[in-house]
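One structure is given below, encoded as structure tokens.
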Amino acid sequence: MQSYGGSVESKIQLVCDLEKPEDTWTVRHVGGPMIGSGAEKSSFLVRPVQESKITKNAQIFFKNIGYKLDHKHLRVGFAFHFQKDALITVTVSSINKIFKLHAIDDAVSVTPGTHLVEVTAQTASTNYNEVVASVSSFCEYLALLLHLSKPGVSTGVVPTAVASLMSDG
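The UniProt record's numbering numbers the first residue of the sequence shown as 1 and each following residue consecutively.
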């Protein structure tokens, strides 16, 4: 689900956690990217994110208020936290398309052999510069451990990446 306000794109994502005994739904609003001179100097994208738990009739609710579900994806992977001046979360996942709600056994990989690596950290205007420096430093370290690639060009993870991260704690 996407909303276009002016020239800045924002997204509403409806997320279902299938690992819980009963499906747990979350609605996530991902705001438009930060713009301006500060954003142009940054090597990464800064976007505001708001999350809220929602009842199991979430799909019906969004359909009734006029949203159209444009695709269904299944994320499979793991996340870990890293503390370096700020709590940094690294999520490594593969993205799979599902054609029927909860038909996870029939999921088909969108980019076979490729994983999405997301690095996130919470910040406020009072600690923005410290968090940016911390995330930048961590991403420079992380980039050395990964083969960066574009969709369709499968390269995978450097074999020593996991061992290196584990040895550093």
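Here a beta-carbon is modelled for each residue, glycine too, at the ideal position from N, C-alpha and C. Nothing here was measured: the structure is a model prediction, and the numbers come from that model.
Count the other CB atoms, across all protein chains shown, that sit within 10 Å of the CB of residue 35; report buried if there are 16 or more and exposed otherwise. Translated into the one-based positions of the sequence shown, residue 35 becomes position 35. That one is exposed.
In whole angstroms, give me the CA-to-CA distance for residue 141 and residue 17. Translated into positions along the sequence shown, residue 141 becomes position 141. Translated into positions along the sequence shown, residue 17 becomes position 17. Approximately 30 angstroms, taken between the alpha carbons.
Coil, strand or helix - residue 9 by DSSP: Within the sequence shown, residue 9 is the residue found at index 9, counting from 1. Strand at residue 9.
So, using beta-carbon positions, are residue 82 and residue 138 closer together than 9 angstroms? In the sequence shown, counting from the first residue as 1, residue 82 sits at position 82. In the sequence shown, counting from the first residue as 1, residue 138 sits at position 138. Result yes, Cβ atoms of residue 82 and residue 138 sit closer than 9 angstroms.
Where residue 64 sits in the DSSP three-state scheme: Taking the sequence shown and counting its residues from 1, the one referred to as residue 64 is at position 64. Three-state DSSP puts residue 64 in a helix.
May I have the straight-line CA-CA distance separating residue 106 from residue 21, to the nearest angstrom? Position 106 of the sequence shown, counted from the first residue, corresponds to residue 106. Position 21 of the sequence shown, counted from the first residue, corresponds to residue 21. Residue 106 and residue 21: Cα-Cα distance of roughly 20 angstroms.
Pull up the CB-CB distance for residue 135 and residue 65, whole angstroms please, since I reckon it's below 8 angstroms. Stepping through the sequence shown from its first residue, residue 135 is reached at position 135. Stepping through the sequence shown from its first residue, residue 65 is reached at position 65. With a Cβ gap of about 35 angstroms, residue 135 and residue 65 do not count as contacting.
Measuring straight from C-alpha to C-alpha, what distance separates residue 47 and residue 86? Within the sequence shown, residue 47 is the residue found at index 47, counting from 1. Within the sequence shown, residue 86 is the residue found at index 86, counting from 1. Roughly 17 angstroms between the two C-alpha positions.
Roughly how far, in whole angstroms, is the beta-carbon of residue 96 from the beta-carbon of residue 110, given that I think they are within contact range, below 8 angstroms? Indexing the sequence shown from 1 puts residue 96 at position 96. Indexing the sequence shown from 1 puts residue 110 at position 110. Contact holds; Cβ gap of about 6 angstroms.
Looking only at its own chain, which residues have a Cβ that is under 6 angstroms from the Cβ of residue 59, when we skip the five neighbours before and after it? In the sequence shown, counting from the first residue as 1, residue 59 sits at position 59. Closer than 6 angstroms at Cβ, skipping near neighbours: no residue.
On a CA-only basis, which of 56, 31, 57 and 62 is nearest residue 49? Give me that one, please. Along the sequence shown, one-based indexing puts residue 49 at 49. Minimum Cα distance to residue 49 is reached at 31.
Reduced DSSP secondary structure (H/G/I, E/B, other) of residue 129: Counted from its first residue, the sequence shown places residue 129 at position 129. Residue state, collapsed to three classes: helix.
Residue 104 versus residue 126 - alpha carbon distance: To locate residue 104, count along the sequence shown from 1; it is residue 104. To locate residue 126, count along the sequence shown from 1; it is residue 126. Distance between the alpha carbons of residue 104 and residue 126 is about 42 angstroms.
According to the Cβ coordinates, are residue 53 and residue 24 closer than 9 angstroms? As a working note, residue 53 is residue 53 in the sequence shown. As a working note, residue 24 is residue 24 in the sequence shown. Yes, the pair counts as a contact, with Cβ atoms nearer than the cut-off.
Reduced DSSP secondary structure (H/G/I, E/B, other) of residue 15: Residue mapping note: residue 15 aligns to position 15 of the sequence shown, counting from 1. Residue state, collapsed to three classes: strand.
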